[in-house]
Amino acid sequence: MRLSISLAASVAAVALVPSALAQSAPSASTAAPVAKPAPVSDLVKAIDIPFEQFTLKNGLRVVVHTDRKAPVVAVSVWYDVGSKHEPEGKTGFAHLFEHLMFNGSENAPGDFFEPLKQVGATDLNGTTYFDRTNYFETVPTAALEQALYLESDRMGWLTGAISQAVLDEQRGVVQNEKREGDNQPYGLVSYKLIEGVFPDGHPYGHSTIGSMADLDRASLQDVKDWFRDHYGPNNAVLVLAGDIDVPMARRLTEKYFGAIKPGPKSVAPQATVPVLAQARSEVMKDRVAAPLVVKSWPVPGLNDPAAPALEVAASVLGGLASSRFDNALVKGDKTAVQVSASYSDFAQVGTFTIQALVRPDVDPAIVSRRLDELVAEFIRNGPTADEVQRTLTTTISRRIGGLEAVGGFGGKAVALAEGALYSNDPGFYKKQLAGLAAQTPASVKAAAQQWLSRPNYSLTVVPGERDAYEEAKVPPPAEQTKAPETPAKGTREPMPAVGEVGALAFPKVERARLTNGVELVYAQRATVPITQMVASFDAGAAADVADKLGTQSMTLAMIDEGTARLNSIQLAEAKERLGLDIFTGSSADRTTVSFRAPSANLGPALDIWADLLRAPSFPEGELPRVRAQMLTQIAQEQTDPEGIEQRIVPPILYGPAHPYAKNQGSGDAKAVAALTRADLVAFHRAWLRPEKAKVFVVSDRPLAEVKAGLDRALAGWKGQGAPGTKVFREDRSMPVPRIVLVDRPNSPQSRISGVLRTGLRGTDDLLPVITANDALGGDFLGRINMDLRETKHWSYGAYGGFARHAEAAPYQLRAPVQADKTGASIAAMKTEIGAFVGSRPMTDTEFQRTITGATRSLAGDFETSGAVLGAMQANDLYRRPDDYYATITQRYRAMTKDQLNGAIRSVIDPNRFIWVVIGDAKAVRPQLDTLGLPVEVMPAASVTGAPEESE
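Numbered by the numbering used here, the letters in the sequence shown go through residues 39 to 989 in order.
Spelled out as structure tokens, the structure:
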């Protein structure tokens, strides 16, 4: 329930073009009609997850879905235990136990990521929320038995593997996970919302991550008792989705889970929808750049008849790009820079939450009153039929695309497991879709009148120093004890071996030329009736205007504010009627305009996309609003540790004159404030033009049909004026090793970034160094993460890797650590790096794990169309052949340990790193002064770039 504040202005739904461009947007009466979209009923029919289910004698419910598109199976285990089951004094236990269950069981000791990495598992993780704890991985079919062995061992044979050292280790990791979340701007909002909406003692009235005090009090016996009370097979649902059938599932689940004895059955706590006695408002201060207004109502959960109506109401009010809040507050009176509304449907209750990020120079009370007025008007009159229809088409289209994967965070296994656990019906997703499709303006209005007319909780966050709070205190130093390695106890049969894993069947990539000369790169995937398309331009952050950083961001933000036919609101509505999502984005090398749409609506989707490519108007009247949004986003970046890192590292790493040094977040505030419409038109004409474009497509529709549609939609598209140029000059100087400390007072964590210029280019053959780095910083099991997270438990996660751009590939480490361990963490990382390229290089075990994991995971890596689309673009950017991934297995198998050690030793020097630290200077500076490097200090508010020192 942690809030994610994003200020992406229009950058999430944009396009481009090189035409002369009209000055103003048209009126509604002059808008040209858009082709009729496919009926919602046709889209609903495309969502079908056939399944069968059975129950073992011990109560384990097994749901099976067969999908033969790839030789992989999603294994998803959902336990009927979440934070709502936690009694007072034991908050955070469910989430703590999620971590403990990854730390080995009696017959599979050690970290669970180790065997799962070796079998090539993808989409591997576990999560906890109010209603459940789940564990999931997608594995090659040949590794299914090993995955089931591991899941069954931690279900039936866990307690003997939990030691005090393991408990202390994971408790520290969880506490740093909490600090990492709390350290973000608005990081305390979720706690306030829970406390404001739910009364004391309500099962949903505390956060899933819990309190540090409760976690500190957890004893070894407490956690073992918690496991025995909640993790029996009769409290679980196991979903197997993919390359499997019911006879195989029945045989294997009986073999591995059948002997586990049932435990106590979880009982859902009494959790009624609370009624607030009266509206309640609070104000809190935080280190933020813009005020935030949030209002939340307690409402029914997902099994209530009102659930689909509340989902539609949230979309109409603040979910659609053309939502009531967007039109009134962002595009209308321009008092907010971002708005949203959401319906969170838990198993027993729900929350309906609206929020507005207020323009910094506006009184948040004005926005709060306006939100109240808009909600009141909605309660009186309800939505229009068109608003309901646009919501249904958009929502259902996105669900079609989301169900391409068999597992992971949102694939087909998730849909079946949620239905089984929350609604006693794996096919509940169909009832939800039917409920959505049945909504009318009257039904949505009735639900809004019943639930949104009740008192709500309102929170306003304003800029200022946070009040001290208990959770931010760092515990006193304690001796760190590494959990000892223990042998398998042999309380059941040994873990089965992995069979022969099938080779990756990467789809055939075809190339063609459109009639206007643009190259088309195409692959066909027929799993879902969705087309994904990307126009990729040779531009990127490296093409930004050197003395006007932010020109590219503003150009992308303004593109969908109007065309010759449609203004901003009309454009949003037209996309919603088609279930069409248009996105813009950029990397260091490329600027992209992409879309995803139901293939049934491909023709009209292309028309809108082409209209954006060819005729954006960059309306002068919208420029002040979009500029204010971008300036707010820049200010937000200067309050966020990750945002500060993104802004300060590039000029330090590359030098201020390098094209990649321009990749500084959303740009320079002074430059953005001065940008004119002419600046945006000039950038667009120079860079977003057909000569610099390639179109990448993954679709269920054949190449001939896709090409014909593109030829029609983009006929006659030509560039105007001189194209832009990027100049990369070779720089053999090396930045001076040092520490740059960005002072962010009272931060409970420090964010550490270690950067090294390597001399490599992204177009080089980097597979050997990337593969070698897997054992150092590229994986959960890498030495850096295992040391800082699992051994020392100073961090929730620490990783390093090559930042691959066409003309450079520096190495970068990222490690958020608790503040009192900042200096020690840098010293530890330097030690690990030095050993890896020196006295303790990659071992035989690490080498075998890396190679087997890389080869066995390929089928899962490219299960979805989106993954294939990304690979096609990467191959093109790095000048690799289109069949690169079809041949990569042979390359992995030809590698040697000595080759990998030599490769990474040749590019990484642990003494040449620059360390950027974002944290509380008064707590961190004394630690850094002991490291033997010069330390520069600068305040977070001043971060607009940083000078380079070279030698």
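All C-beta atoms, glycine included, are put in the ideal place defined by N, C-alpha and C.
Check, Outcome
"Apart from the five residues just before and just after leucine 795, which ones in its own chain have a Cβ nearer than 7 Å to its Cβ?", "Note that residue 795 is arginine in the sequence shown, not leucine. So the list reads Leu691, Met772, Pro773, Pro848, once near-sequence residues are dropped."
"Indicate the three-state DSSP secondary structure (helix, strand or coil) for glutamine 112 in the structure shown.", "Correcting the residue type first, residue 112 is alanine in the shown sequence and not glutamine. If DSSP states are grouped into helix, strand and coil, alanine 112 belongs with the strands."
"Just to confirm the assignment, what range does the beta strand (DSSP E) spanning tryptophan 953 have?", "952-957"
"In the structure shown, what three-state DSSP assignment does glutamate 997 receive?", "Because the chain here runs from 39 to 989, residue 997 falls outside it and cannot be looked at."
"Ordered along the chain, which non-local residues of its own chain (more than five positions away) have a Cβ less than 8 Å from that of glycine 540?", "Pro109, Pro178, Thr179, Ala180, Ala897"
"Between proline 300 and tyrosine 381, what straight-line distance do the alpha-carbon atoms span, to the nearest angstrom?", "35 Å"
"How would you call asparagine 141, buried or exposed, if buried means at least 16 neighbouring beta carbons within 10 angstroms?", "buried"
"Can you tell me where the beta strand (DSSP E) with valine 719 in it begins and where it stops?", "Taken as a continuous stretch (DSSP letters only), valine 719 belongs to no beta strand (DSSP E), being part of the alpha helix (DSSP H) at 715-725."
"Quick test of your reading: alanine 327 and threonine 677, contact by CB under 8 Å. State the CB separation rounded to the nearest angstrom.", "5 Å"
"In its own chain, which residues sit with a C-beta less than 7 Å from the C-beta of proline 71, not counting the 5 before and 5 after it?", "Note that proline 71 has pLDDT 45, beneath the 50 cutoff, so the model's placement of it is unreliable and the number below is only indicative. No residues qualify anywhere along the chain."
"Looking at C-alpha atoms only, which residue of Glu233, Ala648, Trp116, Ala84 is the closest neighbour of alanine 497?", "Contrary to the premise, residue 497 reads as leucine rather than alanine in this sequence. Among Glu233, Ala648, Trp116, Ala84, the Cα nearest to that of leucine 497 is on Glu233."
"Helix or strand or just coil, what does DSSP make of threonine 927?", "helix"
"Would the beta-carbon of phenylalanine 329 fall within 8 Å of that of valine 275?", "Correcting the residue type first, residue 329 is proline in the shown sequence and not phenylalanine. No, the Cβ-Cβ distance between proline 329 and valine 275 is not below 8 Å."
"Quick check on this structure: which residue in Gly693, Gly127, Gln667 has the alpha carbon closest to the alpha carbon of alanine 584?", "Gly693"
"Beta carbon of proline 567, beta carbon of alanine 84: below 8 Å?", "yes"
"Should leucine 616 be counted as a contact of the ligand ZN given a C-beta to heavy atom distance under 7 Å?", "Ligands displayed in this structure: none; no statement on the ligand ZN is therefore possible."
"Quick one: what does DSSP say tyrosine 117 is sitting in, helix, strand or coil?", "strand"
"My parser needs the alpha helix (DSSP H) runs of 4 or more residues fully inside the region 635-709; what are they?", "640-652, 661-675, 679-692"
"Thinking C-beta only, is phenylalanine 721 closer than 8 Å to threonine 893?", "no"
"What are the boundary residues of the alpha helix (DSSP H) that glutamine 202 is part of?", "202-220"
"By a C-beta neighbour count over all protein chains shown, 10 Å radius and 16 as the cutoff for buried, is valine 765 buried or exposed?", "exposed"
"Are the beta-carbon atoms of glycine 835 and asparagine 823 separated by less than 8 Å?", "yes"
"Give me the Cα-Cα distance between methionine 193 and alanine 526, rounded to the nearest whole angstrom.", "16 Å"
"With arginine 551 as the anchor, note down where its beta strand (DSSP E) starts and where it stops.", "547-551"
"Since serine 591 and serine 704 are thought to touch, with beta carbons under 8 Å apart, how far apart are those beta carbons, to the nearest angstrom?", "5 Å"
"Taking the alpha carbon of threonine 432 as the point to measure from, which residue in Thr763, Tyr460, Ser361 has its own alpha carbon closest?", "Ser361"
"What's the call for aspartate 401, buried or exposed, on a 16-neighbour Cβ count within 10 Å?", "exposed"
"So what's leucine 824 in DSSP terms, helix, strand or just coil?", "First, the residue type needs correcting, since residue 824 is methionine and not leucine in the sequence shown. Three-state DSSP puts methionine 824 in a helix."
"Do you know offhand how far serine 491's Cα is from arginine 615's?", "29 Å"
"Pick from Ala344, Ser461, Ala579, Ala423: whose alpha carbon is nearest that of alanine 486?", "Ala344"
"Determine the direct distance from the alpha carbon of arginine 950 to that of leucine 726, and round the result to whole angstroms.", "38 Å"
"What are the boundary residues of the beta strand (DSSP E) that includes alanine 992?", "With the chain represented from 39 up to 989, any question about residue 992 goes unanswered, as that position is not in the structure."
"Hey, how far is the Cα of proline 642 from the Cα of glutamate 974?", "56 Å"
"From what residue to what residue does the alpha helix (DSSP H) around methionine 533 run?", "Element bounds for methionine 533: n/a, residue is neither H nor E."
"DSSP puts tryptophan 335 in a beta bridge; with which residues?", "Phe390"
"Between tryptophan 647 and isoleucine 620, what straight-line distance do the alpha-carbon atoms span, to the nearest angstrom?", "8 Å"
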